[in-house]
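As you go down the protein sequences, you meet chains A and B in turn. Residues 84 to 226 (my numbering) are what the first sequence spells out, left to right. Residues 4 to 214 (my numbering) are what the second sequence spells out, left to right. The C-beta atom is built at its ideal place from N, Cα and C for all residues, glycine as well. Since this is a predicted model, take the numbers as computed values, not measurements. One structure is given below, encoded as structure tokens.
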Amino acid sequence: MSAHELHAGHGGDHHDDHHGHGDDLHVTRSDYIKGFVLAVILTAIPFWLVMAGVIQNRTTAVLVLGVLAAVQIVVHMVYFLHMNGKIQGGWTMLSTLFTIVFVAVTLAGTLWVMFHMNANMMPSHANPMTGQPQVGEHHHTAP
Amino acid sequence: MSDTHTLAAGGAAALAPRAYHPAHEPHPENGTSLGFWLYLMSDCLIFAALFATYGVLGRSYAAGPTGKELFDLGLVALNTAFLLLSSITFGFAMLQKQQKNVRGTLTWLAVTGLLGLAFLAVELYEFAHLIHQGATPQRSAFLSAFFTLVGTHGLHVTFGLIWLVTLMLQIRKHGLIPENVRRVNCLSMFWHFLDVVWIGVFTFVYLMGVL
Numbered sequence: 084m085s086a087h088e089l090h091a092g093h094g095g096d097h098h099d100d101h102h103g104h105g106d107d108l109h110v111t112r113s114d115y116i117k118g119f120v121l122a123v124i125l126t127a128i129p130f131w132l133v134m135a136g137v138i139q140n141r142t143t144a145v146l147v148l149g150v151l152a153a154v155q156i157v158v159h160m161v162y163f164l165h166m167n168g169k170i171q172g173g174w175t176m177l178s179t180l181f182t183i184v185f186v187a188v189t190l191a192g193t194l195w196v197m198f199h200m201n202a203n204m205m206p207s208h209a210n211p212m213t214g215q216p217q218v219g220e221h222h223h224t225a226p
Numbered sequence: 004m005s006d007t008h009t010l011a012a013g014g015a016a017a018l019a020p021r022a023y024h025p026a027h028e029p030h031p032e033n034g035t036s037l038g039f040w041l042y043l044m045s046d047c048l049i050f051a052a053l054f055a056t057y058g059v060l061g062r063s064y065a066a067g068p069t070g071k072e073l074f075d076l077g078l079v080a081l082n083t084a085f086l087l088l089s090s091i092t093f094g095f096a097m098l099q100k101q102q103k104n105v106r107g108t109l110t111w112l113a114v115t116g117l118l119g120l121a122f123l124a125v126e127l128y129e130f131a132h133l134i135h136q137g138a139t140p141q142r143s144a145f146l147s148a149f150f151t152l153v154g155t156h157g158l159h160v161t162f163g164l165i166w167l168v169t170l171m172l173q174i175r176k177h178g179l180i181p182e183n184v185r186r187v188n189c190l191s192m193f194w195h196f197l198d199v200v201w202i203g204v205f206t207f208v209y210l211m212g213v214l
């Protein structure tokens, strides 16, 4: 109740108070520095892995890159976007979780369905327009 | 934006005032930032659709050039560095804003804007180079999906820059009034969100594209 009374008591200049009361936007230098250092490391590793050709196995490389990207996204969310379970009474977290579920279903569902559709609809004769396999070898010429 | 306050005033005037317990009940502390967050989440869905499209079509080269032949990872690393640096400089602008330092806020926002501009310049150079090589969006499904996904991100950065310049003029004219503080906070979310999307772009499009 105290926060409410504080509001009512302030009258005209409630604007400043309102922003101060939303503690969700209090940022600290150490948070930004920590986030930046972590982000640089998490960016440098995948670029190094690919540019130096460290991992030969493609599947392994994709998995490693995917995990590094996921970790970096979390780092950005926490240190740059200041996410936590408490801001806005948890509504920010709730909408984010919904979005993550939705994005996961969209991506996984699309790739799964389209991959199988491509595999099942492969024409028996080579058709230059649609006969390209989804994965594997690709022959190409200069444009 | 002061909806809790309005509600409180309305409640006091009513016959049977509704008692609010903000400490226990879920309530938006700042309606605008929650609303803006919801907008960003819907933007996420747009990018999810574009990423899914790229995931399906990303290897349909139609006998045209592949990502391995086209992508210049050095250029992408440079672009990633620009965007990452602009994230930390926006963070410094946020810290200056928190200390009510108008000049410091404007300076760091300007640095952020320049880094964003450098990002866009490199991206446009890359696009021009691709198109010059004949790798146009019309060339193959891979290139259509590539230009749509990366171009949509670039458009977001462009509009972020327009917003940034507009906001800098507003801050210079009116100072760090609550409205401008709110706008800086929203732009901060927008800018960092674009950096998050870029993580997906450089990982799934560029790095996995040359594997």
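Residue span of the alpha helix (DSSP H) that contains residue i, given as start and end
i: residue 135/B; result: 105-135
i: residue 42/B; result: 34-60
i: residue 70/B; result: 70-73
i: residue 207/B; result: Residue 207/B -> no alpha helix (DSSP H), and no H or E assigned at all.
i: residue 192/A; result: 174-203
i: residue 79/B; result: 76-101
Option in the options with minimal Cα separation from residue i
i: residue 123/A; options: 170/A, 134/A, 152/A; result: 152/A
i: residue 178/A; options: 44/B, 202/B, 160/B, 208/B; result: 44/B
i: residue 146/B; options: 86/B, 118/B, 71/B, 103/B; result: 71/B
i: residue 105/B; options: 202/B, 184/B, 199/B; result: 184/B
i: residue 167/B; options: 61/B, 98/B, 113/B, 48/B; result: 113/B
i: residue 171/B; options: 115/B, 75/B, 54/B, 91/B; result: 115/B
i: residue 100/B; options: 194/B, 188/B, 68/B; result: 188/B
i: residue 191/B; options: 90/B, 74/B, 82/B; result: 90/B
i: residue 139/B; options: 82/B, 173/B, 124/B, 69/B; result: 69/B
i: residue 152/B; options: 74/B, 87/B, 212/B, 204/B; result: 204/B
i: residue 80/B; options: 141/A, 130/A, 196/A; result: 130/A
i: residue 191/A; options: 57/B, 181/B, 202/B; result: 57/B
i: residue 51/B; options: 112/A, 148/A, 185/A; result: 185/A
i: residue 37/B; options: 163/A, 138/A, 174/A; result: 174/A
i: residue 195/B; options: 95/B, 54/B, 103/B, 66/B; result: 95/B
i: residue 144/B; options: 33/B, 174/B, 53/B; result: 53/B
i: residue 48/B; options: 193/A, 182/A, 128/A; result: 182/A
i: residue 158/A; options: 112/A, 125/A, 110/A, 201/A; result: 125/A
i: residue 149/B; options: 23/B, 212/B, 21/B, 176/B; result: 212/B
i: residue 164/B; options: 208/B, 128/B, 197/B; result: 197/B
i: residue 222/B; options: 109/B, 132/B, 156/B; result: With chain B running from 4 to 214 in the structure shown, residue 222/B is simply not present.
i: residue 199/A; options: 35/B, 160/B, 59/B, 64/B; result: 59/B
i: residue 155/B; options: 123/B, 177/B, 134/B, 181/B; result: 123/B
i: residue 111/B; options: 98/B, 121/B, 120/B; result: 98/B
i: residue 162/A; options: 129/B, 85/B, 93/B; result: 93/B
i: residue 116/A; options: 87/B, 67/B, 130/B, 73/B; result: 87/B
i: residue 75/B; options: 121/A, 118/A, 133/A; result: 133/A
i: residue 177/B; options: 157/B, 103/B, 131/B, 62/B; result: 103/B
i: residue 120/B; options: 180/B, 131/B, 85/B, 202/B; result: 85/B
Local conformation of residue i per DSSP, three classes
i: residue 169/A; result: coil
i: residue 148/B; result: helix
i: residue 154/B; result: helix
i: residue 143/B; result: coil
i: residue 224/B; result: The question about residue 224/B has no answer, for chain B in this structure spans 4 to 214.
i: residue 195/B; result: helix
i: residue 22/B; result: coil
i: residue 165/B; result: helix
i: residue 162/A; result: helix
i: residue 179/B; result: coil
i: residue 201/B; result: helix
Neighbour flag for residue i against chain C, beta carbons, 7 Å
i: residue 123/B; result: The chain labelled as chain C is not found among the protein chains of the depicted structure, namely A and B.
Fill in: Start-end ranges of the alpha helix (DSSP H) lying completely within the stretch 99-156 of chain A, minimum 4 residues
112-134
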